[in-house]
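Q: Numbering (my numbering), first residue to last: 133 to 220.
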């Protein structure tokens, strides 16, 4: 699988835009993800925090769960976007 620069940038932009919807009342560290399936569909996800921190959902898992819930089973690429490329 090969991505054009435009496709790469589009996935990065989608992941960055998704961060605005993250639910992060504790860490204040929004993370976004974009996932492209083998059928070409794109799904986004965000991190969703819980007061019981181990139950927090990461953005990648949310994007994958969305795709699987709509029948997708094969993925090509996933992009994760954070403030500084690290973790809180």
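The beta-carbon is built from N, C-alpha and C at its ideal position, and this holds for glycine as well.
Threshold first: 3 residues or longer. Then list the beta strand (DSSP E) segments lying entirely within the stretch 161-217, N to C.
A: If we require 3 residues or more, the beta strand (DSSP E) runs fully inside the stretch 161-217 come out as 164-169, 174-178, 207-213.
Q: If you draw a straight line from the C-alpha of residue 154 to the C-alpha of residue 135, how long is it?
A: Their Cα atoms are separated by approximately 27 Å.
Q: Excluding sequence positions up to five away, which residues of its chain have a Cβ less than 6 Å from the Cβ of residue 162?
A: 151, 154, 156.
Q: Please report the distance separating the alpha-carbon of residue 172 from that of residue 190.
A: About 22 Å.
Q: Taking all protein chains shown into account, do 16 or more other C-beta atoms lie within 10 angstroms of the C-beta of residue 218, making it buried, or fewer, making it exposed?
A: Answer is exposed; the Cβ neighbour count stays below 16.
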